[in-house]
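What follows is a short report on a single structure.
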Amino acid sequence: MSAHHSEHDHGHGHGDHGAHDSESHGTFKGYVTGFILSVILTAIPFWLVMGHVFSNHTTTALVIAGFAAVQIVVHMVYFLHMNGRMEGGWSLLALIFTGILLVIVLSGSIWVMYHLNNNMMHMPVKMEGMS
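So that you can map any letter, position 47 of the sequence shown is 47 in the working numbering, and since no number is skipped, the others follow by simple counting.
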């Protein structure tokens, strides 16, 4: 078995991945930049909520959702190394398809829950018997 293995050994080490270009892998500087951006994009929404910066809760939720979207992009670029050139663009196409499906599922779920809430028969709450 070892003779068969040594015949086909072409000097490739265990960590050698062949034709991968060095541009697709991250650098230390890239990882540190991504980490710092992630910490900032986590700390700002935390401060917004804990400091009660916005009086309207809807505004706070929308701003936090915006920071979450930006943080998703930071993670995809700096940690997952996704770009338009990767795998001939198929990774980006799969990401767009996943985003479309996510929007459809979430908006459909919210729509159904909203209409279920509006169409339910509201019962008056009797406070006398609850003591």
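Quick reminder that beta carbons are idealized off the backbone N, C-alpha and C, glycines included.
| query | result |
| --- | --- |
| Can you grab the Cα-Cα spacing for the pair Asn56 / Gly30, in whole Å? | 37 Å |
| Pull up the distance between the alpha-carbon of Ser91 and that of Ala61, whole angstroms please. | 30 Å |
| Which class does His124 belong to by DSSP, given the choice of helix, strand or coil? | Here residue 124 turns out to be Pro, not His, going by the sequence shown. Reduced to three states, the DSSP call for Pro124 is coil. |
| Using a Cβ-Cβ distance under 7 Å, would Ile36 count as near chain C? | Judged by its chain identifiers, the structure shown contains no chain C, having just a single protein chain. |
| For the structure I just gave you, are there three or more beta carbon pairs, one from the segment 31-42 and one from the segment 66-78, closer than 8 Å? | yes |
| In this structure, how does DSSP classify Ser55 when only helix, strand and coil are distinguished? | coil |
| Whose C-beta lies closer than 8 Å to the C-beta of Met50 among residues of the same chain, with five residues either side of it excluded? | none |
| Between the alpha carbons of Val77 and Leu101, how many angstroms are there, rounded? | 21 Å |
| Measuring CB to CB, does Val74 end up less than 7 Å from Leu37? | yes |
| Rounded to whole angstroms, how far is the Cβ of Gly26 from the Cβ of His115, which I believe are closer than 8 Å? | Actually they do not touch by this definition, with Cβ atoms about 46 Å apart. |
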